[in-house]
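Each residue of the sequence shown is one higher than the one before, starting from 415 at the first, in the working numbering.
Below is one structure, written out as structure tokens; the observations come after it.
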Amino acid sequence: MSKYCIGVDLGGTNITIALVDLKGKIKEKIKISTQADRDANFVIKTIIENIKVLVRNISCSQIAGAGIGAAGQIDHVKGVIQFSPNLHWRNIAIVKELKKECHVPVLIDNDANVACYGEYLFGAGKGTKSIICVTLGTGVGGGIIIDGKIYRGAGGGAGEIGHITVESKGRKCNCGNHGCMEAYVGALHIRDRCIEKLKTGRKSIITKIVDGSLSKITPKVLEEAAFYKDELALELWQETGMYLGIGLASLINIFNPEKIIIGGGVANAGKLISDPMMKTIKERALAVSLHDVKIVRAKLGEEAGVIGAAMLALSE
Ligand SMILES: [Zn+2]
């Protein structure tokens with residue numbers, strides 16, 4: 415009887431490969447550098463070699479399947495990474511390559527979806543049916559689970575929560591649009607908003623904390639400044655939380671989820687971001703759906719991706 419799944423979290427910088435039991439516990443994991451400057455064949459070969467290391471003491475019959483979570487546009491049905499800017503890959507049939515070596519079901523989905531699936535099964539979403547995950551990092555990632563299934567939309571494009579418009583003539587986003595939530599809440603955009611405010615001549619201890627080099631401003635720096643009641647930092651968090659709240663209120667009204675699970679480094683700001691976020695949500699979400707939803711922090715941290723990827727194999 416199968417006891418394990420193999421999860422692969424394929425990022426632009428690192429690859430984590432793990433042997434995960436059916437209760438979502440990692441039995442053993444290997445973390446390696448992606449070496450994205452090498453070609454796809456090299457990276458795939460490295461993944462296969464490391465999978466072989468992980469299963470060295472396990473018989474094939476004990477492996478239920480393998481799953482991959484990768485950043486970029488994924489054709490989940492064909493098992494192809496269509497485009498990954500981080501890996502510089504186009505149309506790589508990674509599932510086919512893995513299946514040649516590992517004679518078990520192999521599935522792939524994008525990193526945000528598999529991380530959400532991990533949280534849904536074994537993290538902050540355990541025991542629910544419908545959740546939305548939001549990851550607040552450099553960008554703003556998202557995943558949607560409806561009735562226990564990853565919601566991918568017509569062509570796999572669903573869950574791009576960071577690109578909800580929160581300001582009609584707002585800041586330019588990396589996607590080319592204006593006023594996306596990511597253009598206010600993404601870590602680099604928070605930094606840029608801070609720099610813009612400083613350049614209007616406002617006084618703030620932020621400049622002192624980063625020793626004058628404004629490119630070093632991070633959400634962590636702004637947390638520190640807010641701790642000292644710096645007005646500009648407090649204002650930035652206030653606005654960031656508000657824009658996040660506008661986006662989440664729309665999601666609550668559309669999906670009526672049981673939980674919204676928030677993870678990622680920017681979420682470490684805690685009440686600085688969650689207080690204005692909750693205030694905005696309460697103002698903007700419709701009463702029925704607001705009553706049902708719990709907004710909580712993610713539990714699995716960076717392991718959500720590899721655990722969710724492993725469990726993909728059992729999802730179909
Ligand atoms: Zn955008």
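For glycine and all other residues, C-beta sits at the position ideal for the given N, C-alpha and C.
Residue range D525 to F536 is occupied by the alpha helix (DSSP H) that includes C530.
If you compare the alpha carbons of K583, L686, N524 and T460 with that of A572, the shortest gap goes to N524. Excluding residues up to 5 positions away in sequence, I465 and A480 lie with their Cβ nearer than 7 Å to the Cβ of C516 in the same chain. In the assembly as shown, M415 is an exposed residue. Its beta-carbon has fewer than 16 other beta-carbons within 10 Å. Nearest C-alpha to G532 among I440, A597 and G567: I440. Per DSSP, reduced to three states, the secondary structure at G590 is coil, with no helix or strand assignment. If you draw a straight line from the Cα of I545 to the Cα of S629, it is about 35 Å long. In the displayed model, D606 falls within a helix according to three-state DSSP. Excluding five sequence positions before and after A663, the CB atoms of its chain that fall closer than 6 Å to its own CB belong to I695, R698 and A699, given in chain order. Residue pairing by DSSP puts Q487 in a beta bridge opposite F497. Cβ contact annotation for Q449 (same chain, cutoff 8 Å, sequence separation greater than five): F456, V457 and T460, in chain order. Checking the 7 Å criterion, the Cβ of G576 is within range of a heavy atom belonging to ligand 1.
Excluding sequence positions up to five before and after V554, its CB lies within less than 7 Å of the CB of V548, I575, G576, M595, E596, V599 and G600, all in the same chain and listed in chain order. Checking the 7 Å criterion, the Cβ of C474 is out of range of every heavy atom belonging to ligand 1. Ranking A727, E442 and P633 by CA distance to the CA of N471 puts E442 first. Distance from the Cα of I477 is smallest, within the candidate group D435, H490 and I676, for D435. The Cβ atoms of G655 and D689 lie closer than 8 Å to each other. A distance below 6 Å between beta-carbons, with the five flanking residues on each side excluded, links I429 to the following residues of its chain, in chain order: I446 and T448. Take the alpha-carbon of V707 and the one of M692: they are about 12 Å apart. Judged by the Cβ position, E581 fails to qualify as a neighbour of ligand 1 at the 7 Å threshold, every heavy atom of the ligand being at least this far. Between ligand 1 and C419, a heavy atom-to-CB distance of less than 7 Å is absent. Per DSSP, the unbroken beta strand (DSSP E) holding L550 starts and ends at I545 to L550. Taking all protein chains shown into account, I420 has 16 or more neighbouring C-beta atoms within 10 Å of its C-beta and is therefore buried.
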